[in-house]
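Okay, structure first, notes after.
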Amino acid sequence: MNRPTHGALHHIEIWVPDLDRTVDAFGWLLEALGYARFQSWSNGRSWRLGAVYLVFEESPALTSVHHDRRRPGLNHLAFHVEDTAAVEALATEAQRHGWRLMFGDRHPYAGGTGHDAAYLENEDGFEIELVAIP
Numbered sequence: 122m123n124r125p126t127h128g129a130l131h132h133i134e135i136w137v138p139d140l141d142r143t144v145d146a147f148g149w150l151l152e153a154l155g156y157a158r159f160q161s162w163s164n165g166r167s168w169r170l171g172a173v174y175l176v177f178e179e180s181p182a183l184t185s186v187h188h189d190r191r192r193p194g195l196n197h198l199a200f201h202v203e204d205t206a207a208v209e210a211l212a213t214e215a216q217r218h219g220w221r222l223m224f225g226d227r228h229p230y231a232g233g234t235g236h237d238a239a240y241l242e243n244e245d246g247f248e249i250e251l252v253a254i255p
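Each residue of the sequence shown is one higher than the one before, starting from 122 at the first, in our numbering.
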C-alpha cells in the first residue's frame, strides 16, 4: 500500500440494524469490486481497497433499526465500475443479495444522459450507485 495523500479518506463506518443481512448485501458486492475482507469482530466487519476501508457495525447504541437516506446523514455510496456490462451484471446479481433496482423506468440513465449507472436500495434503506467508467 502506498502512503495515503494528506486529506484522503481513511475509512467510512456505517451502523446497520442486522450485520448478517449487511454482510450478504454488501460483502459480495465489495469483493466483486476488488475490496478484500479486512477486519472482523462480533458485531462488525470491514472491507479494504487500497488505503480506504468501509466498516459495517451492528452497534448496541443504535437508536433506530431503519436507515432513511432522505434524512440528514448518508444518502448513498457510489462506486466506479469497469464498464456498462459490469454495471448490468452487478445490478442483476445484486437482486439475489437483497437489493432492488431504483428508478427502473429511467435505468441506466437515471442520473442523466451519459451517466450510465445502476441505483440500488437494500431492505435496510441503504442506497448504492454503480457508475460505469466512461
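Ideal Cβ placement from N, Cα and C applies to all residues, glycine included.
{"query": "Can E209 and M223 be called in contact, C-beta distance under 8 Å?", "result": "no"}
{"query": "What residue range does the beta strand (DSSP E) around A199 cover?", "result": "198-202"}
{"query": "Just verifying my parser: in three-state terms, what is the DSSP assignment at H132?", "result": "strand"}
{"query": "So what does DSSP say about R221, is it helix, strand or coil?", "result": "strand"}
{"query": "Residue ranges of each alpha helix (DSSP H) run of no fewer than 4 residues wholly in the segment 146-175, ordered along the chain?", "result": "149-153"}
{"query": "Spell out the partners DSSP gives Y230 in its beta bridges.", "result": "Beta-bridge pairing links Y230 to no other residue."}
{"query": "Looking only at its chain, what residues have a beta carbon closer than 7 Å to the beta carbon of V144, apart from the 5 residues adjacent to it on each side?", "result": "R166"}
{"query": "Given a cut-off of 8 Å on the beta-carbon distance, is the pair G128 and H188 in contact?", "result": "no"}
{"query": "Once you ignore the five residues that flank H197 on each side, which residues in its own chain have a CB closer than 7 Å to its CB?", "result": "R190, E248, I249, E250"}
{"query": "If A138 and V202 are in contact, beta carbons under 8 Å, what's the gap, nearest whole angstrom?", "result": "Sequence check: residue 138 is Pro here, not Ala. Going by Cβ atoms, the distance from P138 to V202 rounds to 27 Å, so no, they are not a contact pair."}
{"query": "Which word fits W220, buried or exposed, when buried means at least 16 other C-beta atoms lie within 10 angstroms of its C-beta?", "result": "buried"}
{"query": "In this structure, how does DSSP classify A182 when only helix, strand and coil are distinguished?", "result": "coil"}
{"query": "Looking only at its own chain, which residues have a Cβ that is under 7 Å from the Cβ of E134, when we skip the five neighbours before and after it?", "result": "V176, E178"}
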